[in-house]
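Each residue of the sequence shown is one higher than the one before, starting from 1 at the first, in my numbering.
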Amino acid sequence: MQTPAQTLDDFLSQIKDLNPTNLDLIRIIKAISISAIDIKEIIETAPISNMTGSTGKTNIHKEEIQLLDNSANTIFVENLMETQLISHIVSEELQDPLHKPTNSPSYFVSIDPVDGSSNITSSITIGSILGIWKLDNSEQINDNLFIPNSPQMIAAIYTIYGPSTILVIACNSMVNAFALNPAKKAFIQTHKNIKTPNECKYYSVNENYFLKWTNKTQKTISFLRDNYSLRYVGSLIADFHRNLLNGGIFLYPENKDYPNGKLRLLYEILPLSYIIENAGGIASTGKANPLTIKPSHHHQKTPLIIGSKKIVTKILSML
Ligand code: AHG
Ligand code: MN
Ligand code: MN
């Protein structure tokens, strides 16, 4: 007889005893998974409930805030704060970090509530990205300008809202994936301890910037173009997820318009770097491993090269 598929709850009870922090982490993961189901339901009906438009406001990056960005941000913040474990939240959609003193231990969470939000108008796959850091008792946790160090990162999570709703969790040195059974509102495990293929199948980059790249970047992308298939959704998380499972490389290099690239260190690059490392791949800014950088600003940007070990190593040697 086939054994029943493991649910997210089964998985969480399995990791409960692996590490004393996991009891808190489990509550945080639950808050995120509940938020993902709420957000997925809003996305599904967005075209018929006038949720595909813009708020008419711009965020700190001078990008339009979509109605969906706002709703998803509120859902994550409310559910995470309800755990009473989170002292700091940094979000793409909040100019300043949220700070609420908690009883120790406390956690710092970074959120990209909707990644690829401009794709919502054409029903293209989007997602959410989150990073989780544990703060030491000794930290100045009453300082709302506080930014954690990468070694304190204990988990990273992303969701995909596409043909299926997917939840990917990196914690305890493993990457595991789940798909939502919407009828039961339950996530079911689909992948255990994901390791990204060493070989590259796809490269993902916006080649529209070709003339704005440095000569070295132009040469490396030309090499990729001559050897691999291009796939670019324009939702980082969808491109990342496909490459994680199939093998590939995603690049958002610096260009004349964006001297530090476009992607944000705390709520896009660090969570995905943490995930790819735990899946046996590599992330780099072109100069350093993002996980070794001490961020200087909550909304800091850096270039990103991320994916399968062999191709990222090759590309870094060409830059
Ligand atoms: P967000 O919707 O969170 O602002 O992120 C959009 C990002 C990322 O998802 C994507 O890879 C990138 O913007 C696309 O930018 P270009 O249009 O410059 O390629
Ligand atoms: Mn994003
Ligand atoms: Mn976003």
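C-beta atoms are modelled at their ideal positions from N, C-alpha and C, and glycine is treated no differently.
DSSP has Y252 in a bridge; who is on the other side?
Taking the sequence shown and counting its residues from 1, the one referred to as residue 252 is at position 252. Y252 is bridged to L304.
Please determine, among D239, L135, E82 and C200, the residue with the shortest C-alpha to C-alpha distance to T159.
The residue given as residue 159 occupies position 159 in the sequence shown. Taking only the C-alpha atoms, the option nearest T159 is D239.
Would you mind reading off the limits of the beta strand (DSSP E) that contains V90?
Within the sequence shown, numbered from 1, the residue matching residue 90 stands at position 90. From DSSP, the beta strand (DSSP E) with V90 extends over I86 to S91.
Consult DSSP for T26 and reduce its assignment to one of helix, strand or coil.
Reading the sequence shown from its first residue, position 26 is the one you call residue 26. Looking at the sequence provided, one finds Ile at residue 26 rather than Thr. Per DSSP, reduced to three states, the secondary structure at I26 is helical.
Same chain, Cβ closer than 6 Å to D24, neighbours up to 5 away in sequence not counted:
Residue numbering aside, residue 24 sits at position 24 when the sequence shown is read from its first letter. Within the same chain, D24 has close Cβ partners L85.
Consider the C-beta atom of E268 and the heavy atoms of ligand 2; say whether any pair is separated by less than 8 Å.
Stepping through the sequence shown from its first residue, residue 268 is reached at position 268. Yes.
Here's the rule: buried if 16 or more other CB atoms are within 10 angstroms of the residue's CB, otherwise exposed. What is H61?
Indexing the sequence shown from 1 puts residue 61 at position 61. H61 comes out exposed.
Note down the Cα distance separating S204 from I305, rounded to an integer number of angstroms.
In the sequence shown, counting from the first residue as 1, residue 204 sits at position 204. In the sequence shown, counting from the first residue as 1, residue 305 sits at position 305. Straight-line Cα distance between these residues: approximately 10 Å.
Using only alpha-carbon positions, find the residue among P259, E207, I275 and Q189 that is nearest to I237.
Start at 1 with the first residue of the sequence shown, and residue 237 comes out as number 237. Out of P259, E207, I275 and Q189, I275 has the C-alpha closest to the C-alpha of I237.
Run the CB neighbour count on S49, radius 10 Å, all protein chains shown included, and call it buried at 16 or more, exposed below.
Here residue 49 refers to the residue found at position 49 of the sequence shown. Burial call: exposed.
Can you tell me which residues form a DSSP beta bridge with D115?
Here residue 115 corresponds to residue number 115 of the sequence shown, with the count starting at 1. G127.
Hey, is the region 251-260 in contact with the region 182-197, meaning 3+ C-beta pairs nearer than 8 Å?
no
Under the criterion of a Cβ to heavy atom distance below 8 Å, does S117 qualify as lining ligand 3?
Counting from 1 along the sequence shown, the entry for residue 117 is found at position 117. Yes, ligand 3 has a heavy atom inside 8 Å of this Cβ.
Where the beta strand (DSSP E) through L167 begins and ends
For the purposes of this step, residue 167 is taken as residue 167 along the sequence shown, with counting starting at 1. Note, L167: beta strand (DSSP E), T165 to C171.
Once DSSP output is grouped into helix, strand and coil, what is the label at L94?
Residue numbering aside, residue 94 sits at position 94 when the sequence shown is read from its first letter. Here L94 sits in coil by DSSP.
Please tell me whether P197 and G247 are closer than 9 Å, where the distance is taken between their beta carbons.
Against the sequence shown, residue 197 aligns to sequence position 197. Against the sequence shown, residue 247 aligns to sequence position 247. Cβ distance < 9 Å, so P197 and G247 count as in contact.
First and last residue of the beta strand (DSSP E) that includes F210?
Numbered from its first residue, the sequence shown carries residue 210 at position 210. Segment: none, F210 is in no beta strand (DSSP E) and carries neither H nor E.
Would the C-beta of P113 count as close to ligand 3, meaning under 8 Å from any of its heavy atoms?
As a first step, residue 113 is located in the sequence shown; it is residue number 113 there, counting from the start. Yes, ligand 3 has a heavy atom inside 8 Å of this Cβ.
E64: which of I120, N243 and T21 sits nearest, CA to CA?
Here residue 64 is taken as the residue at index 64 of the sequence shown, counted from 1. Residue I120 is the option with its Cα nearest to E64.
Give, in chain order, every unbroken run of the beta strand (DSSP E) that is at least 3 residues long and sits entirely within the region 27-77.
54-58 and 64-66
Can you check DSSP and say which residues form a bridge with G261?
In the sequence shown, the residue the question calls residue 261 occupies position 261. DSSP lists P259 as partners of G261.
Check whether the Cβ atoms of P290 and L270 sit closer than 9 Å, and answer yes or no.
On the sequence shown, residue 290 is found 290 positions in, with the first residue counted as 1. On the sequence shown, residue 270 is found 270 positions in, with the first residue counted as 1. Yes, they are a contact pair.
Excluding the 5 residues preceding and the 5 following T83 in the sequence, name in chain order all residues of the same chain whose CB lies nearer than 7 Å to its CB.
Residue numbering aside, residue 83 sits at position 83 when the sequence shown is read from its first letter. Once the five neighbours on either side are set aside, the close Cβ partners of T83 are R27, I28 and A31.
Taking the alpha-carbon positions, what's the T55 to S118 distance?
Locating residue 55 in the sequence shown gives position 55, where the first residue counts as 1. Locating residue 118 in the sequence shown gives position 118, where the first residue counts as 1. When rounded, the distance between both Cα atoms is 12 Å.
Residue range of the unbroken alpha helix (DSSP H) whose run includes Y274:
Locating residue 274 in the sequence shown gives position 274, counting from the first residue. L270 to N278 is the extent of the alpha helix (DSSP H) around Y274.
Inter-residue CB distance, H88 and P97 (contact presumed, cutoff 8 Å):
Along the sequence shown, one-based indexing puts residue 88 at 88. Along the sequence shown, one-based indexing puts residue 97 at 97. Their Cβ separation, rounded to whole angstroms, is 6 Å, which keeps H88 and P97 in contact under 8 Å.
For V114 and N103, I'd like the C-alpha separation in whole angstroms.
Taking the sequence shown and counting its residues from 1, the one referred to as residue 114 is at position 114. Taking the sequence shown and counting its residues from 1, the one referred to as residue 103 is at position 103. Approximately 30 Å between the Cα atoms of the pair.
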